[in-house]
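Going by this note's numbering, the first residue of the sequence shown is number -18, and it counts up by one from there. Think of the CB as a built atom: it goes at the ideal place given N, C-alpha and C, for glycine as much as any other residue. These numbers come from a predicted model, not from an experiment.
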Amino acid sequence: MVPGSAERPGDRPTTAKRADVVRNEKKLLAAAAEVFTTSGVDAPVREIAARAGVGMGTLYRHFPARADLVVAVFRHQVEECAEAGPCLLAENESPMAALRQWIDLFVDFLTTKHGLAAIPQSDSGSTTLHTYFLDRLLPVAEQLLNAAADAGEIRADIQPYELMRGIGNLCIAPDHDPRYDPRKLIDLLLRGLRPSAAS
């Protein structure tokens, strides 16, 4: 301890409070992602607070406006998706298996992301978010594609933007038609990446 200094009574509780704040934010982001996926981004925020196990005051302290929460969920899921790529490569002997698992996570993310367009982005800007999305995820997709191509598991002429754009288009289902399952078509798309599929 520095001579002449003393531990202030509030130091330890403040540290504990900060940890509690971080936990609450994580719970809110996880709950919001689930609610947005099942009920859309216009779902009542009370439903999100209840699922997170926190009060409305806590929710509004973290996210004063609905748009703040939606953008935070978007960024949080982008980061989770970006961080998952290298981990999956390290855990799997087959880069193609890692790619498939990552795409599954990417599809989970997209089902939440598409609702973002319904929220006004006057402060954050949808263009900025789209740039952030590409900057974080394109390098991960490229790493996975390159690893799978180097292993001879897929063709070498697949561009990460093409793949992500194709998957994104297949995930668009504005009417939530229960007869449509994008994962079936995505599976066909991934089968088309195999070297034997080249003409």
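For residue i, three-class secondary structure by DSSP
i, result
"residue 171", "helix"
"residue 160", "coil"
"residue 55", "helix"
"residue 140", "coil"
"residue 49", "helix"
"residue 135", "coil"
"residue 44", "coil"
"residue 24", "coil"
"residue 148", "helix"
"residue 127", "helix"
"residue 34", "coil"
"residue 5", "helix"
"residue 153", "coil"
Residue i versus residue j - alpha carbon distance
i, j, result
"residue 148", "residue 39", "36 Å"
"residue 23", "residue 9", "16 Å"
"residue 200", "residue 34", "Any property of residue 200 remains undetermined from this structure, which presents the chain solely from -18 to 180."
"residue 85", "residue 48", "26 Å"
"residue 71", "residue 129", "13 Å"
"residue 27", "residue 14", "14 Å"
"residue 73", "residue 135", "16 Å"
"residue 138", "residue 162", "27 Å"
"residue 36", "residue 51", "18 Å"
"residue 69", "residue 0", "29 Å"
Reference residue i, options the options, closest by Cα
i, options, result
"residue 56", "144, 145, 94 and 175", "94"
"residue 145", "130, 31, 46 and 126", "126"
"residue 5", "31, 20, 167 and 25", "31"
"residue 143", "123, 41 and 82", "123"
"residue 12", "164, 1, 53 and 87", "53"
"residue 62", "177, 78, 91 and 171", "91"
"residue 110", "76, 19, 59 and 77", "59"
"residue 164", "89, 42, 45 and 29", "89"
"residue 159", "-1, 19, 0 and 7", "19"
"residue 64", "29, 77, 171 and 118", "118"
Environment of residue i [buried if 16+ CB atoms lie within 10 Å]
i, result
"residue 120", "exposed"
"residue 151", "buried"
"residue 153", "exposed"
"residue 66", "buried"
"residue 2", "exposed"
"residue 140", "exposed"
"residue 169", "exposed"
"residue 176", "exposed"
"residue 132", "exposed"
"residue 45", "exposed"
N- and C-terminal bounds of the alpha helix (DSSP H) containing residue i
i, result
"residue 89", "76 to 94"
Neighbour flag for residue i against chain C, beta carbons, 7 Å
i, result
"residue 74", "Given the protein chain composition of this structure (a single chain), no chain C is represented."
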